[in-house]
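In numbering that gives the first Met the number 0, the protein residues as written are 0 to 219.
What follows is a short report on a single structure.
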Amino acid sequence: MSALDELRAAAAGCTRCALAAGRTQVVFGVGDPHAALMFVGEAPGYHEDLQGAPFVGRSGQLLDRLVRQELGVDRSQCYIANVVKCRPPGNRDPRPEEIAACRPYLDEQVHLIGPQVVVTLGNFATRALLGTAEGISRARGKSYRFGSVHLVPTYHPAAALRGGGDMVAEMRADLVRAKALLGSRPSATPDHVPTPTGASISTRGEPVRGDHAEPLQEEP
Ligand code: URA
0 MSALDELRAA
10 AAGCTRCALA
20 AGRTQVVFGV
30 GDPHAALMFV
40 GEAPGYHEDL
50 QGAPFVGRSG
60 QLLDRLVRQE
70 LGVDRSQCYI
80 ANVVKCRPPG
90 NRDPRPEEIA
100 ACRPYLDEQV
110 HLIGPQVVVT
120 LGNFATRALL
130 GTAEGISRAR
140 GKSYRFGSVH
150 LVPTYHPAAA
160 LRGGGDMVAE
170 MRADLVRAKA
180 LLGSRPSATP
190 DHVPTPTGAS
200 ISTRGEPVRG
210 DHAEPLQEEP
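Rendered as structure tokens:
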């Protein structure tokens, strides 16, 4: 069993937060376990909770289409996960304690998969990984150094479905930005790069916890 499968098995029985009580199943993540490109969304919704896979509803269809059209790959060639692995009741926003309880799973997924680029989908994933309070409209349009990984924030596809053509066009531009970063690693970094929430990851890709507050590592 691979380390990622072991982590999935551990997550399947997780009771670290109250969401465990209401879930049908844990939605751990899907795709290529060695993907160069990883997407991180917010939390499973109704369909994801039933099917056990992220982004299988309408917003997932948009994501799949944009990934195919702008990156020329399908979802099985990427890895897709969420910040929170269990469905919040009534699709409410995940709470800080739920995000914190689930965070070690996401950190370990990033470590084990070792993507070159992580695309965060929407406010929750962007804020969690960049450790910023900044909203997605301000954070997107740039890339950031996230340890040994490029991080490209973009809108959540559900927001783009509501927002229409301009937002979808901006999402496309963000995916083009992500594509251009594939095949490279962020420029030389110190051993560990802290993020403002106190999470930090090593340049070897190993997530570690820290207690620093540093400015965002925006790339030139
Ligand atoms: N929205 C998310 O953020 N993740 C999913 O898996 C589905 C909808």
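We treat Cβ as the ideally placed atom computed from N, Cα and C, and that holds for glycine.
Every value quoted in this text rests on a predicted model; they were computed, and no experiment measured them.
*Distance between aspartate 31 and arginine 137 (C-alpha atoms, nearest Å)*: Here the C-alpha atom of arginine 137 lies approximately 30 Å from the C-alpha atom of aspartate 31.
*Extent of the continuous alpha helix (DSSP H) to which arginine 91 belongs*: Looking at the DSSP string, arginine 91 is not in any alpha helix (DSSP H), and its letter there is neither H nor E.
*Is the closest heavy atom of the ligand URA to the C-beta of proline 88 under 7 Å?*
Within the chosen limit of 7 Å, the ligand URA does not reach the beta carbon of proline 88 with any heavy atom.
*Could you pull out every residue in the same chain whose Cβ sits closer than 6 Å to the Cβ of threonine 194, ignoring the five residues on either side in sequence?*
Caution is warranted here: a pLDDT of 45 is assigned to threonine 194, below 50, making its placement in the model unreliable, and no coordinate value can be reported.
_Rounded distance between the beta-carbons of valine 25 and alanine 10, thought under 8 Å_ = With 8 Å as the limit, alanine 10 and valine 25 qualify as a contact, their Cβ atoms being about 5 Å apart.
*Do the stretch 156-175 and the stretch 106-115 touch if we need at least three Cβ pairs shorter than 8 Å?*
Contact fails: fewer than three Cβ-Cβ distances are below 8 Å.
*Taking 8 Å as the CB-CB limit, is serine 147 close to chain B?*
This model lacks chain B altogether, as it is built from one protein chain only.
*Taking DSSP as the reference, what is the three-state secondary structure of methionine 0?*
For methionine 0, the three-state secondary structure derived from DSSP is coil.
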